[in-house]
Amino acid sequence: MENVRVRFAPSPTGALHIGGVRTALFNYLFARKNRGTFILRIEDTDQNRFVDGAESYIKEALNWCGLIPDESSEIGGDYGPYKQSERKEIYQQHVQHLLDSDHAYYAFDTPEELDEMREKLKETKATNQQYNSVTRMSMKNSLTLSVEEVEEHIKSRQPYVIRMKIPLKEEVRIHDIIRGWIVVHSSTLDDKVLMKSDGFPTYHLANIVDDHLMKITHVIRGEEWLPSVPSHVLLYRFLGWEDTMPKFAHLPLILKPDGNGKLSKRAADKAGFPIFPLNWKDPQTNDLSQGFKEEGYLPEALINFLSLLGWNPGTEQEIFSLKELEDAFSLEQVNKAGTKFDIDKIRWFNEQYIRSLDSGLLANQLIANLEKIGHVCEKESAVAIVELLKDRITFPSDLTDLSLIFFEEPIFFDEKVVRKKLTAETNNALSLFAKVMSEKDALSAEEIRKLFSITLNDAGINPGSVMQMLRVCLSGGSSGPDLMGVMQILTPKKSSERILHSLDQVKHLIKD
33 MENVRVRFAP SPTGALHIGG VRTALFNYLF ARKNRGTFIL RIEDTDQNRF VDGAESYIKE
93 ALNWCGLIPD ESSEIGGDYG PYKQSERKEI YQQHVQHLLD SDHAYYAFDT PEELDEMREK
153 LKETKATNQQ YNSVTRMSMK NSLTLSVEEV EEHIKSRQPY VIRMKIPLKE EVRIHDIIRG
213 WIVVHSSTLD DKVLMKSDGF PTYHLANIVD DHLMKITHVI RGEEWLPSVP SHVLLYRFLG
273 WEDTMPKFAH LPLILKPDGN GKLSKRAADK AGFPIFPLNW KDPQTNDLSQ GFKEEGYLPE
333 ALINFLSLLG WNPGTEQEIF SLKELEDAFS LEQVNKAGTK FDIDKIRWFN EQYIRSLDSG
393 LLANQLIANL EKIGHVCEKE SAVAIVELLK DRITFPSDLT DLSLIFFEEP IFFDEKVVRK
453 KLTAETNNAL SLFAKVMSEK DALSAEEIRK LFSITLNDAG INPGSVMQML RVCLSGGSSG
513 PDLMGVMQIL TPKKSSERIL HSLDQVKHLI KD
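Pasting the structure below:
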């Protein structure tokens, strides 16, 4: 394959949507699979929608996800600048070429005149209410005005845009790696604005010029850009770049969890899950949107989850490291159809990755969190707690609440279990076990298990019949981690004290 060069080109108009992260990921994986180059280009030509802090947020989010570009405004490269606002002169040169070759024209129409044109088309029930190869001849532009009038308008600084001159009757064909052949008739296309009245190019011109000059070989982007492809193909031809035009691949939409429409921030908020990789505070409203990172998701879990939103590895494998994804990824295995965003699935991925984390790292986090609420925990104990609990958590922060059973005696008890299970025999059996435990020093979970079984069997009591009540005595609840592991961490003496204290608290509920 040729020297692959791909780009992720977000606009700094707000936080990076999770769909944008997936687009960046697929570009990154394709580059790595083909030993190519992954470029980050900032498309900041829409000055009206520019949001302060958005660019730095995008870069920070990609870094957190591990999607490090090979070329960018910070890293540098041979094809910069990598911010479109610093490339204005380049675009002006190319739009002038389009004007000179009769593939573009000046348009001086006011917003009111544009609205009037659309209203007239509505009245005639025209299916196409666009500024196109038909309507342009009734508008105020350099195709309908004399050369002198055009020069006068420009000289007097009357606002204008530069539009692309779409052919009247032509079939535009383009092959998409994911979707196959796309055929569109030029009569359905509008004369897209290439240069705005503020002198900045639109996406349509800037991305074509940049992709060519940066030697982009594959354009991998969201499905929402499909309608623009025919116009982009024509621009490549008008600029004389048809032979070096990149290959296109348009990724499927990420859908709401119910599959009904594209996933949006509103839909995510309503369903109660994040839509951004990191926390985002809107500088205009000061509204804070929680990110996947701050909610406790690991970047590896998020990346693994996103990789399978639209891509099928062709095997039963679900857990992939980033390196494994780089080796396995293929655009030919990306689906056309939209894919549902399943929040339960990403939680499952997070659980799997947490289980593989080093317990020492989680222990350090647990120690710090416990300290904030007034509990001191030694590193050895913290590691033991993590080992016991990490198969039961979805987020690292879950450890704090679950670990409280080791630092706080239960105040409330599962009354349903107590009323059903607490008999005089159960009370005597647990009291006996507590007495035996009080005489022991450190024991392993397995040693405690054997001691429990021997003590109760010798007393003629089935150990299984008192197990639920033992859990209530130790934790207050009826479910939780392995009881023997809990008692190992508590130590036999503290376990004994807690059992006896809890029995004293619920003794009034003992059944005759």
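Per this note's numbering: the sequence shown = residues 33 to 544.
For every residue, glycine included, the Cβ atom is placed at its ideal position computed from N, Cα and C.
In this structure, Phe381 sits away from Ala303, with a CB-CB distance that is not shorter than 8 Å. For Ile74, the pairing in a beta bridge is given by DSSP as Lys115. The DSSP-derived three-state label of Gly52 is helix. For Gly68, the closest alpha carbon among the candidates Val83, Asn80 and Val38 is that of Val38. Annotation for Met499: the continuous alpha helix (DSSP H) segment containing it runs Met499 to Ser507.
Scanning Ile399, Pro199, Glu457 and Phe324 for the CA closest to the CA of Val415 turns up Ile399.
Judged by pairs of C-beta atoms under 8 Å, the segment 304-324 does not touch the segment 240-251, as fewer than three such pairs exist. DSSP, read as helix, strand or coil, puts Met169 in helix. Residues of the same chain with a CB within less than 7 Å of the CB of Pro442, apart from the 5 flanking positions on each side, are Ser507, Gly508 and Ser534 in chain order. For His533, the enclosing alpha helix (DSSP H) starts and ends at Pro524 to Val538. Pairing Ile107 with Phe40, the inter-Cα distance amounts to about 15 Å. Of Lys154, Lys197 and Asp230, the smallest CA-CA separation from Met169 is found for Lys197.
Met516 sits in a helix when the DSSP states are folded into three classes. A contact is defined here as three or more CB-CB pairs under 8 Å, and the segment 180-188 fails this definition with respect to the segment 100-120.
Sixteen is the threshold: since fewer than 16 other Cβ atoms of the shown chains lie within 10 Å of the Cβ of Phe444, the residue is exposed.
Note on geometry: alpha-carbon atoms of Phe352 and Gly328 lie some 19 Å from one another.
By the criterion of a C-beta distance shorter than 7 Å, Ser260 is surrounded in its chain by His236, once the five residues flanking it on both sides are discounted. By the Cβ-count criterion, Lys91 is buried, with 16 or more other Cβ atoms from all chains shown falling within 10 Å of its own Cβ. If only complete runs of 3 or more residues are kept, the segment 243-311 shows the beta strand (DSSP E) at 250-254 and 279-283, in order along the chain.
Under the three-state reduction of DSSP output, Thr487 falls in the helix class.
Secondary structure note for Trp213: its beta strand (DSSP E) is the uninterrupted segment Gly212 to His217. The beta carbons of Leu541 and Leu462 sit no closer together than 8 Å. Phe58 sits in a helix when the DSSP states are folded into three classes. Excluding residues up to 5 positions away in sequence, Leu237, Val241 and Leu271 lie with their Cβ nearer than 8 Å to the Cβ of His126 in the same chain. C-alpha of Met246 to C-alpha of Gly212: approximately 25 Å in a straight line. Counted as a single uninterrupted DSSP element, the alpha helix (DSSP H) harbouring Ala416 occupies residues Lys411 to Leu421. Secondary structure of Leu99 (DSSP, three-state): coil. Assignment of Lys91 by DSSP, reduced to helix, strand and coil, places it in the helix class. Here Ile417 has Leu398, Ser435, Phe438 and Ile521 as same chain residues with Cβ atoms under 7 Å from its own Cβ, once five neighbours each way along the sequence are excluded. Beyond the five residues adjoining it in sequence on each side, Leu61 comes within less than 8 Å, by CB distance, of Ser339, Leu357, Glu358 and Phe361 in the same chain, given in chain order.
In the three-state reduction of the DSSP assignment, Phe140 falls in the coil class.
Within the same chain, Cβ atoms closer than 6 Å to the Cβ of Ser527 are found at Met469 and Met519, the five residues on either side in sequence being excluded.
The straight-line gap separating the alpha-carbon atoms of Thr426 and Arg379 is approximately 6 Å. By the criterion of a C-beta distance shorter than 6 Å, Val216 is surrounded in its chain by Val204 and Pro262, once the five residues flanking it on both sides are discounted. The DSSP-derived three-state label of Pro495 is helix.
About 33 Å separates the beta carbon of Tyr137 from that of Ser105, a gap too long to meet the 8 Å contact definition.
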